[in-house]
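See structure below.
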Amino acid sequence: NRCEQENNEIINIDDLECVVYDEAGVLKNVNALCNYVINNENCVDNKINLEDNDVNIVNLTDIISNHDTLSIRNLNDISSNNYDVNDYVVHEKVDSNDNTLTDHSQTSEEKNYFSETEPKKRKKIAEPKEWDRNKAKILRMKGSAYLGYRRENPKNTKKILHDVMRESRKMGATCNSPTCRRWKNRHCNTISENEREQMFNEFWKEMNWESKKMFVCSTVDILETKQKTVKGTNSRRGSSFFYFLRINGKKVPVCQSMYLSTLGLKKSEVRYWIQNYKSTNLPTIKCNSFIDDDENNEEDNAIKEDRPIVKKSFQKIVTLQRFFDSLPTLPSHYCRKTSKKLFLQTDVKSWRQLYNMYIEKCNNDSEEPVSRHTFDREKKGHNIDIYIPKKDRCDTCTSFENNHVKNELYEKHLKRKESTRNEKQKDKDAAKQEMCHTICCDLMAVQCVPNIRASSAYYKLKLTAHNFTVYNLATHDAMAYWFDESECSMSASVFASCLVDYLCQLLDQSMRTIIVYSDGCGYQNRNSILSNALLHLSVDKKVTIIQKYLEKGHTQMECDSAHSTIERSYKNIDVYLPSQYSIHTIAARKFPKPYPSRLLDHTFFKDFSIAEMMVYKSIRPGHRPGNPTVNELRWIQYEPTGLIYYKINFEDDLQLLPTRPKHVTKFNSFPKLYESRPTIPKDKWTDLQSLKAFMPSDTHAFYDNLICEDESKRTLKRQQAAEKKNESQKNQEDFSFFPSVT
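Here the UniProt record's numbering is used: position 247 in the sequence shown is 247, and no number is missing along the way.
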């Protein structure tokens, strides 16, 4: 159960991570093994080089306690490609006392390799730059180390292996030849090391192969020999090479050794390029390197290797790009987390129909359309799609496709959808002309606190955090109000407090009519509490406020884009506190400016549900059977006179709300909604305390200060279930005393 190192120190077996056996299954070279394992040197999952002996490693992490854990990425590639293992090892040590993780890696990229790496996503378009072969070509062109190819059998060319590590290009030593010092036409000693290094980096890091060959051909002069030493026969030497290096735009003559060492080239490479230039007067292009050149560059295309050149009409592609950009698109409403596609708002049913629309547009503009193949290839780069996810589909539209909704109701539904969109676009244009303020508001999907990726957290109760976002359609500004259940509940006064606060800030900038677009959620946007709050604000500020509601099933708004941007900002990031959501919101967008965010506490909210302060007890247009209900309202207008007008359809005329208003003397003087911080269920508080083991210690104070209820709901439910069970058993026993009826 122990082994000795070379310095005769005793090592417990708990400190060992692996045991090495040879092919016969015998433990081999224990002392040397201990040195390697304890020092974490050259330890690989599959192989380890130990005194030039190839041995296998048996992992004992399932048996030995977890004191030292070793995480290695790409083990098979590292062992087979002879990479330096120390560059890929991430060492982590777990303290058994407080279960805190101590990271010993040198870079954050290695630390987050396993947790932050996203799975590879399949795409329908090829990316040659991401191919391993082309990556190796680019590295070779830039003079970096790369993984090369070799033939498994030199006599057989059928099987090629990609497992040979090629070294990077290096600049050689400067020329110190006494001969060069004596010659007047060689100035090797006048070039400094900094100038040589700068020339070397420019040659390999900033030039492609064609540029390199042009540089070599322009810095090597070929002159015929001045005198013949052999008479009567043809001499093999027909010319002489003179080498130059460009220093500050001037050609400095140097020797061949200085030239090759400065550029990191071989003599054979330079000879091959020069000989090809001498015969064709062009630099050679016989090279298999992958070069990312501009396809529209005629000079580069003229010297490329013999391959078919595909000529594209640049104007056709530009026209097609403009057509795709002109299509109205929206992100997914409910699938933003799993999909980044943009979906068309038009009634296009197929790509064929869209292509016909493109051809029709080209014919109207007297332009030549591209082929269907080019159309399909170019549309993949725009990340658009036609078919809307099932989660985003309207219930009425889906029911109509299955013949469960009458045609008349469906046509009315489409008419309301189109009228709502037209009305919204009209108000948006008016806001851009500074005729009014047009905003939209919506509640973001529920977020959990803490949001951590520990497996145990999946089964625990967590706090729910909410983001009520208000978006200005004219300026594209958005305000995010973050709050969690430890500060308030999901009541109408909570949303009214947020909206009234934003409208007050908006009116301080300019006193104009305010138009608010939202969905028809009852407790959030369409209720008497919010209506009375907006009416009080209208009377106090002496400004008209209008609420307009979108059609059910078609409530996509600009708020959705803000929510999508915010969600991406903390994707794959652990969130321990509600304040972190507010911080990520501010950092989510940079242009045109960040989203302002505000973290609310219980002292922010006002109680707008007090009966003495409510001017209208109900906002229903009628009280008799058959009269319109609250859900049918499309337009609610609040006037400074204290009256409310409404519309059932946008095309209708304004009507006065038939409910008699109550006379209220004081406006906009509402008390606080909470006198103290609300409580959370005891079961949730208990689970949150257990989750502190997976969070940093500086975040524990927030969860320690949470106020919980006295009784547990889980225990109460168990007691109620047990009481019901006892009562049922007792009733059965009482029923058994009665004689059976025959």
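In this text, a Cβ means the ideal position worked out from N, Cα and C, and glycines have one as well. Every value quoted in this text rests on a predicted model; they were computed, and no experiment measured them.
Integer-rounded CB distance, given that Thr-420 should sit under 8 Å from Asp-427
Going by Cβ atoms, the distance from Asp-427 to Thr-420 rounds to 11 Å, so no, they are not a contact pair.
By the DSSP assignment, the alpha helix (DSSP H) with Met-357 in it spans what residues?
Its alpha helix (DSSP H) spans residues 351-364.
If you reduce the DSSP assignment to three classes, tell me which class Ala-722 lands in.
The answer is helix: DSSP assigns Ala-722 an H, G or I state.
Can you tell me whether DSSP reads Thr-438 as helix, strand or coil?
Strand.
Three-pair Cβ contact test at 8 Å for the stretch 539-546 versus the stretch 581-599
No contact exists between the stretch 539-546 and the stretch 581-599.
Does DSSP put Met-258 in a helix, in a strand, or in coil?
Three-state DSSP puts Met-258 in a helix.
Check each candidate in Ala-588, Leu-577, Cys-708, Lys-717 and name the one with the smallest Cα separation from Pro-696.
For the residues Ala-588, Leu-577, Cys-708, Lys-717, the minimum Cα distance to Pro-696 belongs to Leu-577.
Given a cut-off of 7 Å on the beta-carbon distance, is the pair Thr-374 and Cys-436 in contact?
In this structure, Cys-436 does not lie closer than 7 Å to Thr-374 by Cβ.
Below 6 Å CB to CB, which residues in the same chain sit around Val-446 once its five sequence neighbours on both sides are set aside?
Excluding residues within five positions, the ones whose Cβ falls inside 6 Å are Thr-464.
By DSSP, does Lys-251 sit in helix, in strand, or in coil?
In the structure shown, Lys-251 falls within a strand segment according to DSSP collapsed to helix, strand and coil.
Strictly by DSSP, which residues pair up with Lys-267?
The secondary-structure analysis by DSSP pairs Lys-267 with nothing; it has no beta-bridge partner.
In the DSSP assignment, the alpha helix (DSSP H) including Phe-400 goes from what residue to what residue?
First-last of the alpha helix (DSSP H) with Phe-400: 395-401.
In chain order, what residues of the same chain have a beta carbon less than 8 Å from the beta carbon of Glu-651, not counting five sequence neighbours either side?
Result list for Glu-651: Ser-419, in chain order.
Taking contact to mean at least 3 C-beta pairs separated by less than 8 Å, is the stretch 355-365 in contact with the stretch 317-329?
Touching, yes.
Alpha helix (DSSP H) containing Asp-540: first to last residue?
Taken as a continuous stretch (DSSP letters only), the alpha helix (DSSP H) holding Asp-540 covers 528-541.
When you compare only the Cα positions, how much space is there between Ile-515 and Glu-127?
Approximately 47 Å between the Cα atoms of the pair.
Measure the CB-CB distance between Met-171 and Phe-215 and report whether it falls below 7 Å.
It is not a contact, given that the beta carbons lie outside the stated cut-off.
Compute the Euclidean distance between the alpha carbons of Thr-497 and Ser-350, then round it to the nearest angstrom.
The sequence shown places Ser at residue 497, rather than the Thr named in the question. Cα to Cα, Ser-497 sits roughly 45 Å from Ser-350.
Taking the CB atoms as reference points, tell me whether residue 788 and Lys-460 lie closer together than 7 Å.
This structure cannot settle anything about residue 788, because the visible part of the chain is limited to 1 through 742.
Proximity winner among Asn-472, Leu-530, Lys-155, His-187, relative to Val-494 (alpha-carbon distances)
Measuring C-alpha to C-alpha distances from Val-494 to each of Asn-472, Leu-530, Lys-155, His-187 identifies Leu-530 as the nearest.
In its own chain, which residues sit with a C-beta less than 6 Å from the C-beta of Lys-251, not counting the 5 before and 5 after it?
Within the same chain, Cβ atoms closer than 6 Å to the Cβ of Lys-251 are found at Phe-244, the five residues on either side in sequence being excluded.
Whole beta strand (DSSP E) elements within the stretch 586-640, 3-residue minimum:
You should have 597-599, 635-638.
When burial is assigned at 16 or more other CB atoms within 10 Å of the CB, is Gln-580 buried or exposed?
The residue is buried, with at least 16 neighbouring Cβ atoms inside 10 Å.
Using beta-carbon positions only, say whether Leu-656 and Tyr-645 come within less than 7 Å of one another.
For Leu-656 and Tyr-645, yes; Cβs fall inside 7 Å.
Out of curiosity, what's the CA-to-CA distance linking Asn-631 and Ser-690?
Answer to the nearest angstrom: the Cα atoms are 44 Å apart.
Leaving out five residues on either side along the sequence, give the residues of the same chain with a beta carbon under 7 Å from the beta carbon of residue 761.
With the chain covering only 1 through 742, there is no way to say anything about residue 761.
Around the C-beta of Ser-728, are 16 or more other C-beta atoms found within 10 angstroms, so that it is buried, or is it exposed?
Exposed.
From what residue to what residue does the alpha helix (DSSP H) around Ser-690 run?
Here the alpha helix (DSSP H) through Ser-690 covers 682-691.
Can you tell me where the beta strand (DSSP E) with Thr-374 in it begins and where it stops?
For Thr-374, there is no enclosing beta strand (DSSP E); the residue is part of the alpha helix (DSSP H) that begins and ends at 372-379.
Examine the Cβ distances between the stretch 220-228 and the stretch 128-143 and report whether three or more of them are shorter than 8 Å.
No, because fewer than three Cβ pairs between the stretch 220-228 and the stretch 128-143 fall closer than 8 Å, the two stretches do not touch.
The beta strand (DSSP E) with Ile-546 in it runs from where to where?
Secondary structure note for Ile-546: its beta strand (DSSP E) is the uninterrupted segment 545-549.
Quick one, which of Arg-196, Leu-265, Lys-617, Phe-323 has its alpha-carbon nearest Met-357's?
Comparing Cα-Cα distances from Met-357 to each of Arg-196, Leu-265, Lys-617, Phe-323, the minimum goes to Phe-323.
Check the DSSP bridge columns for Ile-384 and list the partner residues they point to.
In the DSSP output, where bridge partners are listed per residue, Ile-384 has Leu-342.
Have a look at Pro-594, Thr-555, His-554 and flag the residue whose alpha-carbon is nearest the alpha-carbon of Thr-565.
The residue with the shortest Cα to Cα distance from Thr-565 is Pro-594.
Ile-384 versus Val-348 - alpha carbon distance:
Going from the Cα of Ile-384 to the Cα of Val-348 covers about 12 Å.
Are three or more beta carbon pairs between the stretch 466-481 and the stretch 400-413 nearer than 8 Å?
The stretch 466-481 vs the stretch 400-413: no contact.
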